[in-house]
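At the far end of the sequence shown sits residue 237, using the working numbering, and the numbering has no gaps. Ideal Cβ positions, reconstructed from N, Cα and C, are used throughout, including at glycine. Comments concern the structure below.
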Amino acid sequence: MSETVAPVDPQAAEAARAEDHAPYAATGRTIPTRSKERASYDPEVVHPILDGSYLCHLGFVRDGAPVVLPTLYARVGRRLYIHGSTGSRPLRMANAADPGLPVCLTVTQVDGLVLARSAFHHSINYRSVVAHGIAHTVTDPDERRMALDAIVDQVVAGRSQDSRPADAKELAATAVIRLDLEEVSAKLRTGGPNDAPEDLALPYWAGVVPVARTYGEPIPSGDLDPSIPLPEYLAAH
1 MSETVAPVDP QAAEAARAED HAPYAATGRT IPTRSKERAS YDPEVVHPIL DGSYLCHLGF
61 VRDGAPVVLP TLYARVGRRL YIHGSTGSRP LRMANAADPG LPVCLTVTQV DGLVLARSAF
121 HHSINYRSVV AHGIAHTVTD PDERRMALDA IVDQVVAGRS QDSRPADAKE LAATAVIRLD
181 LEEVSAKLRT GGPNDAPEDL ALPYWAGVVP VARTYGEPIP SGDLDPSIPL PEYLAAH
């Protein structure tokens, strides 16, 4: 007997698509105090910045003092999944806190060094995202596996299907924290230096030094079977 497949609700599907493209709401925590014109709440701007990296900085308060930790993450829709250890501070605090752990998460990509004629006007071209919210520990086994695969693929696309999945012992030692993207904004700087008019005639070089992330030639492990070829997803880098 063939399996009965539930029909897709066109209205629900359209509502989901509209939500994916809806701008994030600007709040008191996501409106910059300086250079407000550089801020964006458009997911078409926010999401590519998040998708273009894999290292974030997770900030929270512990014993009344701020703590910021670098860690891996992945975006799945309007959620971020953050990798950690079961013994890590944010995990223990997320488990203990009700309804969760207040956090601030940041991701930054540097695109250029902006060298001006005056030291004051030196800057960088960048793309950054700041997200505020309540982090929760992921306890559902299926969601945890999905999130861990997404984190692996965030680092190297396609890698989760080309490696052994975590076993029960490894899963027990690995933590995943979920942060829903609700209070989130991007901020960007592009272009050259903004020198003062009176400095334009000064005899100093001014301009932009582009910065780009590059990958070197993959180095095989010393104990790798020489018959195993380099995967296509690595050759693409």
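key: Assumed close pair residue 79, residue 181 - CB separation to whole angstroms, cut-off 8 angstroms   = The Cβ separation is near 6 angstroms, so the contact holds.
request  = Over the uninterrupted beta strand (DSSP E) stretch that includes residue 105, give me the two end residues.
outcome  = It spans 101 to 115 - the beta strand (DSSP E) in which residue 105 sits, taken as one unbroken run.
Residue 109 vs residue 185 beta-carbon contact at 8 angstroms = The answer is no: Cβ separation not under 8 angstroms.
query = Counting pairs of beta carbons, one from the stretch 31 to 49 and one from the stretch 144 to 160, are three or more of them closer than 8 angstroms?
reply = Short answer: they don't touch.
message = Quick check on the burial criterion: 16 or more other C-beta atoms within 10 angstroms. Buried or exposed for residue 150?
response = Buried is the call here.
request  = Consult DSSP for residue 168 and reduce its assignment to one of helix, strand or coil.
outcome  = Helix, per DSSP.
ask   = How big is the Cα-Cα spacing for residue 49 and residue 131?
value = Rounded to the nearest angstrom, the two C-alpha atoms are 12 angstroms apart.
request  = Return the residue from the list 220, 39, 22 and 229 that minimises the CA-CA distance to residue 129.
outcome  = Of 220, 39, 22 and 229, the residue nearest in Cα terms is 39.
task = Can you give me the Cβ contacts of residue 194 inside the same chain, cut-off strictly under 6 angstroms, excluding the 5 residues immediately before and after it?
result = Apart from the 5 residues on each side of it in sequence, residue 194 sits with its Cβ closer than 6 angstroms to the Cβ of 121 in its chain, given in chain order.
ask   = Roughly how many angstroms separate the alpha carbons of residue 154 and residue 162, rounded to a whole number?
value = Taking the straight line joining both Cα atoms gives about 14 angstroms.
query = Cα separation between residue 135 and residue 234?
reply = Looking at the two C-alpha atoms, the distance is approximately 33 angstroms.
In DSSP terms, what residue 134 is bridged to = Answer by DSSP bridge pairing, in chain order: 102.
request  = Express the C-alpha separation of residue 71 and residue 3 in angstroms, rounding to a whole number.
outcome  = Any answer about residue 3 is weak, because its pLDDT of 42 lies below 50 and its placement is not dependable; what the coordinates show is given next. In this model, residue 3 and residue 71 are separated by some 42 angstroms (Cα to Cα).
key: Assigned secondary structure, residue 81 (DSSP; H/G/I helix, E/B strand, else coil)   = Residue state, collapsed to three classes: strand.
task = Would you mind giving the Cβ-Cβ distance between residue 113 and residue 205, rounded to the nearest angstrom? I have them listed as a contact below 8 angstroms.
result = That pair is no contact at about 12 angstroms.
inquiry  = Among 67, 209, 56 and 222, whose alpha-carbon lies nearest the alpha-carbon of residue 124?
reply    = It is 209.
request  = Would you identify the three-state DSSP class for residue 74, choosing helix, strand or coil?
outcome  = Three-state DSSP puts residue 74 in a strand.
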